[in-house]
Structure formats: structure tokens, C-alpha cells
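Notes follow once the structure below has been shown.
This is the structure we're talking about:
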């Protein structure tokens, strides 16, 4: 990731979007990553990949609507089910029939 940022984005973006590299969703996500300074992007991704907030879920008391892609390589359905079970407030899980971690980009028709 740090040694070849561009190559990492080129490999990571298709996994997250789970779509054609020529798709608007892929192009938009890649463009966004390339427009962020590399040091900031690396810091954000390092935090995302290593930070564990499971202990905090029981403190969430507001209603939550958890939206989950049916095929998400980054976050499997079991994670949304875990979150749902461990929130203190009312929550619902909606698993949508799409691929990718960012369904708002890969399947905007659901929104």
C-alpha cells in the first residue's frame, strides 16, 4: 500500500466497488482516492483496517438502519448481523442483492 499507492488503488477499487473498471462507480471511487493526499489516505485506511469499536456498540442507543451488500468482500453479512445483535438501540438490517462495499456507488438504484 505505501510502496506503490497507485497500484494499490488499482487493485483495491475493483474489490470495493465490485464492478467493471470502466464503470462510473469505479472511476468515481478511484478519482476520489487519487485526489486525496497519499499520506492522509494511508492514515485513514490504516485506521479503518486496525481500529476495533466492537466494545462501543452496546453504547449506541439511537435507532440504526444497517445496509449490507449481499456480496461484500470487505465486510461480510455476518458483520452486519453482529452489529445488529450488539447495538443497544432498535436496529434493522437490510441486505441488498448487490456486490461491493459501496452499494451507493455500485447499486444506486436501491437508493
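Residue numbers (the numbering used here): 7 to 117. Just so it is clear, CB atoms sit at the ideal spot from N, CA and C, and this is done for glycine as well.
- The alpha-carbon of residue 117 is positioned some 15 Å away from that of residue 106.
- For residue 104, the uninterrupted beta strand (DSSP E) segment begins and ends at 97 to 105.
- In this structure, the alpha-carbon of residue 18 lies about 28 Å from that of residue 61.
- In the three-state reduction of the DSSP assignment, residue 29 falls in the coil class.
- Shown here, residue 94 sits in coil according to DSSP, grouped into three states, outside any helix or strand.
- In the structure shown, the three-state DSSP call for residue 24 is coil.
- For residue 47, the uninterrupted alpha helix (DSSP H) segment begins and ends at 44 to 56.
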